Every structure is written in structure tokens, then in C-alpha cells.
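Residue numbers (full-length UniProt numbering): 1 to 268.
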């Protein structure tokens with residue numbers, strides 16, 4: 001009810017012109033036609049895909065690296081696990097403020113370190129070319145701990161006898177990773193990919209807090225556009241229509257993933 005109700009309401013609003021103040025006016029599918037004809041709609045979807053393409057590999061590789069490290073006889077594993085997970089439960093406002101400070105083009109720590117090595121630091125969140133990479137870095141840093149926990153649980157469920165048998169056969173660390181670990185970790189990987197893709201399409205907090213979609217719309221993603229259409233431009237009908245277009249895209253991608261999992265997910 002709490003999910004279906006807002007979805008039905010959004011579908012109804014998407015068929016109207018509404019500025020949140022005056023009564024709604026029926027326009028049928030005009031909002032959808034307007035969005036599909038507007039080049040900005042394609043732009044915000046491309047920006048969102050750009051975000052996902054950078055975020056997903058970074059957060060997965062980082063989470064897998066930490067999970068592999070913590071799956072060894074490492075001293076202080078419990079403490080490290082808690083430290084790495086701490087950003088996950090930290091407010092995005094706090095994370096955004098920290099990363100805006102770290103990536104400050106004028107006096108941020110990152111550019112200061114780069115300049116110490118004779119490298120000119122980029123403009124980061126103030127530069128259209130670097131705004132999205134800035135958001136990707138902050139997002140990956142915040143979510144790596146979540147991916148680490150999921151993958152670590154998957155690693156600990158793998159039978160140690162399989163590694164022993166691989167060692168007897170002469171398999172080195174890399175061969176064991178490729179032939180034993182990754183195939184048996186595929187259910188956890190599948191879960192991480194599905195959740196990360198869904199969250200990626202819904203990215204908003206970090207964009208709103210770090211760049212507001214700027215500069216010059218360079219980091220404007222779909223949900224930020226929905227927010228702006230509703231509260232900046234008073235076009236709640238178009239915003240609702242865009243939310244349904246986003247839902248259709250996410251549903252399509254999720255269905256493809258679920259139907260294709262039999263080809264690469266090993267539940268054995």
C-alpha cells in the first residue's frame with residue numbers, strides 16, 4: 001500500500017498539468033510527449049548512465065579488495081570491518097561536506113597533494129568535466145563498506161576444501177581467485193550489481209548536496225531533474241511523467257538482469 005499508493009498517484013498526476021498550487025488540468029499524454037521531445041531528458045539519462053558506469057566498477061572492485069583482505073588471518077579484522085562500514089551509515093550531507101572540502105579546487109587536500117608532486121589539480125566539482133567524477137568518488141567511498149560486507153559474507157560461505165584441492169593441483173593465488181572464488185561468489189556479486197544499478201538510477205542525495213546538478217547541468221541526473229521540475233519550475237505533471245519513465249527503465253534493466261542470471265550466476 002505504501003508503495004503502490006504513491007505510484008498510482010504519480011501516474012494520475014503525470015496525466016495533468018499541475019504547479020502544486022492551482023487545480024490540476026488534464027493534458028493526457030502531453031507530459032510524456034514533451035519529455036521525449038526535450039533533449040534535456042536524454043541528457044539527464046546519459047549523465048545517470050555515466051554515473052553508474054563509473055560508480056559500479058569502482059565500488060565493486062574496492063569492496064572485493066577489502067573483502068579479500070578481511071577474509072584472511074588479519075589482525076584487528078573486526079575493528080577494520082567496522083571502520084570501513086562507518087561511511088555507509090554516515091549522512092550524505094556530512095559526506096558531501098567532507099568531499100567538497102577534500103576536492104576544493106583552491107585549497108583542498110587532494111589538489112594540495114597533487115601540487116606537491118608538480119601536478120596541476122583539476123577543478124573537481126566546480127569544473128563541468130570533473131563534477132561527475134567527483135560525485136562518483138564520493139559515492140564509491142561511502143558505499144564500498146556495504147559491498148565489502150556482502151562479498152565478505154559470500155567469501156566466508158565458500159568451502160575451504162575447494163581452495164585446498166586447487167592448491168594440490170598447483171593453482172596459484174590468481175588462478176584460485178578466477179576459478180574458485182569469483183564463480184562461487186557470483187550470487188553475492190549478482191545481488192551487489194542489481195542493488196547498485198537500482199541505486200545508481202536513483203542517485204540524488206550526493207548530486208544535490210555536492211553540485212546541485214551543476215555546473216551548467218553537467219551533473220544533472222534523472223532524480224535531480226524530477227526534483228527541479230517539481231519544486232523549481234512548478235511542473236509536477238512532467239516530473240511525475242519523468243519518474244514513470246525512470247521506473248520503466250529500471251524495471252527493464254532489472255528484468256534483463258534477473259533473466260540473464262542463469263548464464264553467469266553459480267548457485268552450486
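We put the CB at the ideal spot given by N, CA and C, even for glycine.
Since the model is a prediction, treat every value here as computed from it, not as a measurement.
Rounded to whole angstroms, the separation of the alpha carbons of residue 235 and residue 36 is 15 Å.
Selection 112, 20, 62 and 128 evaluated against residue 220 yields 128 as nearest (Cα-Cα).
Distance check between residue 200 and each of 54, 40, 173 and 20 places 54 closest, using alpha-carbon atoms only. Counting of Cβ neighbours within 10 angstroms places residue 213 among the buried residues, the total reaching 16 or more. In the structure shown, the three-state DSSP call for residue 25 is strand.
The shortest C-alpha to C-alpha distance from residue 245 to any of 27, 24 and 34 is the one to 34. Bridge pairing for residue 115: absent [DSSP]. Residue pairing by DSSP places residue 17 opposite 25 in a beta bridge. Three or more beta-carbon pairs separated by less than 8 Å link the region 142 to 151 to the region 80 to 97, which places the two stretches in contact.
Shown here, residue 91 sits in coil according to DSSP, grouped into three states, outside any helix or strand. Just measuring C-alpha positions, the residue of 79, 223 and 161 sitting nearest residue 249 is 223. In the displayed model, residue 253 falls within a helix according to three-state DSSP. Looking only at 156, 32, 10 and 9, the smallest Cα-Cα distance to residue 68 is reached by 156. Excluding its 5 nearest sequence neighbours in each direction, residue 18 has C-beta neighbours in its own chain below 6 Å: 24, 236 and 237, listed in chain order. In the assembly as shown, residue 91 is an exposed residue. Its beta-carbon has fewer than 16 other beta-carbons within 10 Å.
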